[in-house]
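In the numbering used here, the protein residues as written are 116 to 278. Even for Gly, the Cβ is constructed at its ideal location relative to N, Cα and C. In this text the structure is predicted, and so the values were computed from the model without any measurement. Here the structure comes first, spelled out in structure tokens, and everything after it is commentary.
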């Protein structure tokens, strides 16, 4: 499924076609999901970010999870959920991690920052929540809602079909 683009079929590569690939991790126990809140924004999201050129998608997803939450997971523990059309010009390589226990939101720290025009540095995520899916989905952007809905309804979802 999500593999290094050099070994992937042309439809999967995403590079050289004008499309970028964001790699993300769904941290869930099946009933609840971890979300991060975008600093200075209304929306929440799963930990994700762009893969570096030639970076393996699984490794990129594990890196983004670590940078955005402080959670370190060996890439081999991530379940590949495939590559999905996310938005114009961008695909989303998604992986699932089922931790032994859901993380405590207050213990998570984002070490990935962006700069405002005035030079102020802000973390990409300024807070976290572990929420039931029904509460989490409305907090996401519509493209992420669509992709997660498709995944949760697919045979690849390890917890059985979700409403």
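May I have a chain-ordered list of the alpha helix (DSSP H) segments no shorter than 4 residues that lie completely inside the segment 166–252? 172–184 and 248–251
In the structure shown, what three-state DSSP assignment does residue 266 receive? helix
What's the C-alpha gap between residue 207 and residue 195? 12 Å
Cβ neighbours of residue 133 in the same chain (closer than 7 Å, five flanking residues each side left out): 204
Where DSSP assigns a beta bridge to residue 147, which residues make up the other side? 247
Can you tell me whether residue 160 is helix, strand or coil according to DSSP? strand
The segment 269–278 in contact with the segment 171–185 per 3-pair CB rule at 8 Å: no
Would DSSP call residue 135 helix, strand or coil? strand
To which residues does DSSP link residue 274 through a beta bridge? Paired residues: none, contrary to the question.
Rounded to whole angstroms, what is the Cα-Cα separation between residue 217 and residue 148? 8 Å
Do you know offhand how far residue 267's Cα is from residue 276's? 6 Å
Quick check: what's the CA-CA separation for residue 261 versus residue 234? 35 Å
Cutoff 8 Å; reference residue 190; Cβ partners in own chain excluding five residues on either side: 171, 173, 174, 176 and 177
Are the segment 219–227 and the segment 249–259 touching by the rule of at least three beta carbon pairs closer than 8 Å? no
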